[in-house]
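In the numbering used here, the protein residues as written are 103 to 335.
Think of the CB as a built atom: it goes at the ideal place given N, C-alpha and C, for glycine as much as any other residue.
The structure presented is a predicted model; accordingly, all values stated were derived computationally and were not measured.
Working notes for the structure below.
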């Protein structure tokens, strides 16, 4: 097959490959967030630890450790939000002058591709990056809400409001983490979407690899086994 054929204008195969990536992004996200009871995902397992964290916070004195952990989580969301903003800016700059892509891929017939084709293919990745940015920003804000609720937990463990308020903080914390994980998945698929620049087949392969990586990390990783290991043998 002539390598230049990889860079033909859009075809039904291109549309199907792009649709498959979006379906895989939404599908594996739903699977991770709604796993079967017999095989929970890492996100679901860690949610249990987050609830336990808030319960332990009620009796911990002082609570500086808890605030430091939460600050670290917020720093992570800030870092990724900033990194995604830079990536979006770079993508928009590249869309303004897509001829750079033709220069990067001359051996594959890139110079023969109309500029609007490059722009549309880059748009898929940019849309995913925008989704990631919004998820990271919302996660950062939710961690802020969590900090406020944590600060409102009474110092007296015997106060009737202590445990219910800690439970509220836990649920907000879990929601923030869920949004953060959604942002990460969007980044993964945004990188996979760049494979579309090389054609429909590379896009499909990149989508499959991304799904396998995400599935392994959530359902078959060593860290998952460690989290599931009983505390008392």
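(request) Would you kindly work out how many angstroms separate the C-alpha atoms of residue 189 and residue 322, rounded to a whole number? (result) What you label residue 189 is simply residue 87 of the chain shown in a count that begins at 1. What you label residue 322 is simply residue 220 of the chain shown in a count that begins at 1. Whole-angstrom Cα-Cα distance: 30 Å.
(request) Taking the CB atoms as reference points, tell me whether residue 233 and residue 288 lie closer together than 8 Å. (result) For the purposes of this step, residue 233 is taken as the residue at position 131 of the chain shown. For the purposes of this step, residue 288 is taken as the residue at position 186 of the chain shown. Cβ distance < 8 Å, so residue 233 and residue 288 count as in contact.
(request) Pull up the distance between the alpha-carbon of residue 164 and that of residue 261, whole angstroms please. (result) Locating residue 164 in the chain shown gives position 62, where the first residue counts as 1. Locating residue 261 in the chain shown gives position 159, where the first residue counts as 1. Going from the Cα of residue 164 to the Cα of residue 261 covers about 17 Å.
(request) Go ahead and label residue 210 buried or exposed: buried means 16 or more other beta carbons lie within 10 angstroms of its beta carbon, across all protein chains shown. (result) Mapped onto the chain shown, residue 210 falls at position 108. Here the model assigns residue 210 a pLDDT of 48, short of 50, so the residue's position is not dependable, and the following value carries that caveat. Under this definition residue 210 is a buried residue.
(message) My assumption, with CB atoms under 8 Å, is that residue 121 sits in contact with residue 313. Please give the rounded CB distance.
(response) Taking the first residue of the chain shown as 1, we reach residue 121 at position 19. Taking the first residue of the chain shown as 1, we reach residue 313 at position 211. A Cβ-Cβ distance of about 15 Å is found for the pair residue 121 and residue 313, leaving them out of contact under the 8 Å criterion.
(message) Measuring straight from C-alpha to C-alpha, what distance separates residue 128 and residue 115?
(response) As a first step, residue 128 is located in the chain shown; it is residue number 26 there, counting from the start. As a first step, residue 115 is located in the chain shown; it is residue number 13 there, counting from the start. Roughly 20 Å separates the two Cα atoms.
(request) Indicate whether the contact test is met: 3 or more Cβ pairs, each with one atom in the stretch 214-226 and one in the stretch 152-159, closer than 8 Å. (result) no
(request) Classify residue 244 as buried or exposed, calling it buried when 16 or more other Cβ atoms lie within 10 Å of its own Cβ. (result) Working through the chain shown from its first residue, we reach residue 244 at position 142. By the beta-carbon neighbour count (other beta carbons within 10 angstroms, threshold 16), residue 244 is buried.
(message) Do residue 237 and residue 281 count as a contact pair if the criterion is CB distance below 8 Å?
(response) Translated into the one-based positions of the chain shown, residue 281 becomes position 179. Translated into the one-based positions of the chain shown, residue 237 becomes position 135. For residue 281 and residue 237, yes; Cβs fall inside 8 Å.
(request) Pick out whichever of 175, 274, 181 and 177 has its Cα sitting closest to the Cα of residue 250. (result) Within the chain shown, the letter at position 148 stands for residue 250. Ranked by Cα distance from residue 250, the first of 175, 274, 181 and 177 is 274.
(request) Let me know if residue 268 comes out buried or exposed under the rule of 16 or more other beta-carbons within 10 Å of its beta-carbon. (result) The residue given as residue 268 occupies position 166 in the chain shown. With a threshold of 16 other beta carbon atoms within 10 Å, residue 268 meets it and is buried.
(message) Need the endpoints of the alpha helix (DSSP H) that residue 263 sits in, please.
(response) One-based indexing of the chain shown puts residue 263 at position 161. Judged by DSSP secondary structure, residue 263 falls outside any alpha helix (DSSP H); it is assigned neither H nor E.
(request) Pick helix, strand or coil for residue 211, following the three-state DSSP scheme. (result) For the purposes of this step, residue 211 is taken as residue 109 along the chain shown, with counting starting at 1. Low confidence applies here, because residue 211 scores a pLDDT of 49, under 50, leaving its location unreliable and the question unanswered by this model.
(message) For residue 163, report the span of its alpha helix (DSSP H) as first-last.
(response) In the chain shown, the residue the question calls residue 163 occupies position 61. Looking at the DSSP string, residue 163 is not in any alpha helix (DSSP H), and its letter there is neither H nor E.
(message) If you follow the alpha helix (DSSP H) that residue 330 is in, where does it begin and where does it stop?
(response) Numbered from its first residue, the chain shown carries residue 330 at position 228. Where residue 330 is concerned, the enclosing alpha helix (DSSP H) stretches over 324-330.
(request) Taking 8 Å as the cut-off, decide whether the C-beta atoms of residue 305 and residue 292 are in contact. (result) Mapped onto the chain shown, residue 305 falls at position 203. Mapped onto the chain shown, residue 292 falls at position 190. With respect to the 8 Å criterion, residue 305 and residue 292 are not classified as neighbours on the basis of their beta carbons.
(message) Here's the rule: buried if 16 or more other CB atoms are within 10 angstroms of the residue's CB, otherwise exposed. What is residue 142?
(response) Along the chain shown, read from residue 1 onward, the residue named residue 142 stands at position 40. Buried: at least 16 other Cβ atoms inside 10 Å.
(request) Let me know the secondary structure DSSP gives residue 311 once reduced to three states. (result) In the chain shown, residue 311 corresponds to position 209, counting from 1. Residue 311: helix per DSSP, three-state reduction.
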